[in-house]
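Q:
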Amino acid sequence: MIACFVTGTDTGVGKTLSSCALLHALARHHRRVVGMKPVASGAEPDGQGGWANEDSLALRAASTLVVPPQLDNPVLLPDPVSPHIAAERAGATVQLAPILQAYQQLAAQADAVVVEGAGGWQVPLSPRLRIADLAVALQLPVVLVVGLRLGCINHALLTAEAIRASGLPLAGWIASRVDPQMREPEANLAYLRQHLGAPLLADLPWQAQPDARAVPVQLPTAWQ
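Under the UniProt record's numbering, the letters of the sequence shown match residues 1 to 224, in that order.
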């Protein structure tokens with residue numbers, strides 16, 4: 001079974017689009033592919049009398065395996081704010097055990113699982129728990145989504161350093177062109193390719209209407 005944990009240099013850098021692109025790429029090699037959003041902040045009506053998060057809905061649309069919501073999104077918080085604040089507002093505490101149990105059930109059914117984090121690597125889930133703690137508990141290789149904009153080199157290198165310091169491998173990274181007005185994007189991309197120490201899996205162009213199916217992804221050989 002193949003699995004990875006997708007994190008970003010910040011919030012809003014294209015983690016969901018990247019995760020969906022990874023799912024589509026994995027589905028070309030594996031039959032049972034599923035996305036997971038362990039913790040999601042911000043719920044909207046799902047059209048079926050329930051509630052769902054827009055990131056979770058996108059991951060489900062890109063998956064080939066249909067699972068109950070409590071498995072692919074075990075923690076759904078109503079307010080679209082930082083998870084630890086959303087949990088406090090909801091009178092809840094995000095805990096690792098239910099998330100790990102849901103992941104194990106997904107992994108038992110799937111050929112490949114893409115787990116998308118929330119925000120960046122150090123985003124808090126509770127007063128004592130961060131996204132990094134969740135990734136370490138899952139023990140998955142990490143894919144880093146780098147939002148190409150001013151400051152991205154510093155953010156990318158610091159995040160890559162933190163990932164490796166946690167003991168997890170950086171399996172690859174994805175460049176996400178979130179700022180169409182960015183100056184010298186190619187020079188920034190070239191520097192990151194030289195210094196991140198991990199393969200570039202995809203270069204996501206800026207799209208007014210993002211389409212994950214149209215993104216070419218070079219999967220690591222072991223994932224094919």
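All residues carry an ideal CB built from backbone N, CA and C; glycine is no exception.
Give me, in chain order, the residues of the same chain whose beta-carbon lies closer than 6 Å to that of Gly117; leave out the 5 immediate sequence neighbours on both sides.
A: Excluding positions up to five away in sequence, the list reads Thr7, Ile131.
Q: From the DSSP output, in three-state form, read off Ala90 for me.
A: Coil.
Q: Going by DSSP, which residues form a beta bridge with Val114?
A: Beta-bridge pairing links Val114 to Cys4, Gly35.
Q: Let's see if you can read the secondary structure: which residues bound the alpha helix (DSSP H) around Ala21?
A: Here the alpha helix (DSSP H) through Ala21 covers 15 to 27.
Q: Using a Cβ-Cβ cut-off of 7 Å (strictly less than) and excluding sequence neighbours within five positions of Pro205, which residues of its own chain qualify?
A: If we look at Pro205 and ignore the five residues flanking it on each side, its Cβ neighbours are Arg177.
Q: Got a sec? Which residues, its chain only, sit under 7 Å from Ala90 by beta carbon, not counting five neighbours each side?
A: Closer than 7 Å at Cβ, skipping near neighbours: Leu77, Pro78.
Q: Tell me which residues share the same chain as Lys15 and place their Cβ nearer than 6 Å to its Cβ, disregarding the 5 neighbours each side in the sequence.
A: Excluding positions up to five away in sequence, the list reads Val6, Gly8, Glu116, Val145.
Q: Taking Gly119 as the reference, give the member of Asp10, Ile2, Ala3 with the closest Cα.
A: Nearest C-alpha to Gly119: Asp10.
Q: Taking one C-beta from the region 19 to 31 and one from the region 200 to 216 each time, how about it: are there three or more such pairs within less than 8 Å?
A: The answer is yes - the region 200 to 216 touches the region 19 to 31, with three or more Cβ pairs under 8 Å.
Q: Can you check whether the CB of Ala107 is closer than 9 Å to the CB of Val113?
A: Cβ distance < 9 Å, so Val113 and Ala107 count as in contact.
Q: Go ahead and label Asn188 buried or exposed: buried means 16 or more other beta carbons lie within 10 angstroms of its beta carbon, across all protein chains shown.
A: Burial call: buried.
Q: Quick check: what's the CA-CA separation for Thr39 versus Leu219?
A: At residue 39 the sequence reads Val, which differs from the Thr that was named. Using only the alpha carbons, I get a separation of about 25 Å.
Q: If we ignore side chains and look at the alpha-carbon of each, how far apart do Leu59 and His195 end up?
A: If you take the alpha carbons of Leu59 and His195, they lie about 30 Å apart.
Q: Excluding five sequence neighbours on each side, which residues of the same chain lie with their C-beta closer than 8 Å to the C-beta of Ser166?
A: Answer for Ser166: Ala132, Ala135, Val136, listed in chain order.
Q: With distances taken between CB atoms, is the gap from Asn53 to Ser41 smaller than 9 Å?
A: Yes, the pair counts as a contact, with Cβ atoms nearer than the cut-off.
Q: If I follow the unbroken beta strand (DSSP E) through Asp203, where does it start and stop?
A: Its beta strand (DSSP E) spans residues 200 to 204.
Q: Would you mind giving the Cβ-Cβ distance between Val215 and Ala21, rounded to the nearest angstrom? I have them listed as a contact below 8 Å.
A: Yes, they are in contact, since the Cβ atoms of Val215 and Ala21 sit about 4 Å apart, within 8 Å.
Q: When we look at the beta-carbon of Met1 and count the other beta-carbons within 10 Å, is it buried (16 or more) or exposed?
A: Exposed, by the Cβ-count rule.
Q: Take Met182 and list the residues in its own chain whose beta-carbon comes closer than 8 Å to its own, dropping the five residues that flank it on each side.
A: Closer than 8 Å at Cβ, skipping near neighbours: Leu148, Arg149, Leu150, Asn188.
Q: Do the CB positions of His84 and Pro124 come within less than 9 Å of each other?
A: Yes, they are a contact pair.
Q: In chain order, what residues of the same chain have a beta carbon less than 6 Å from the beta carbon of Leu65, not counting five sequence neighbours either side?
A: The residues are Arg32, Val34, Ala110.
Q: Cβ atoms of Ala162 and Leu17: under 9 Å apart, would you say?
A: Cβ atoms of Leu17 and Ala162: not closer than 9 Å.
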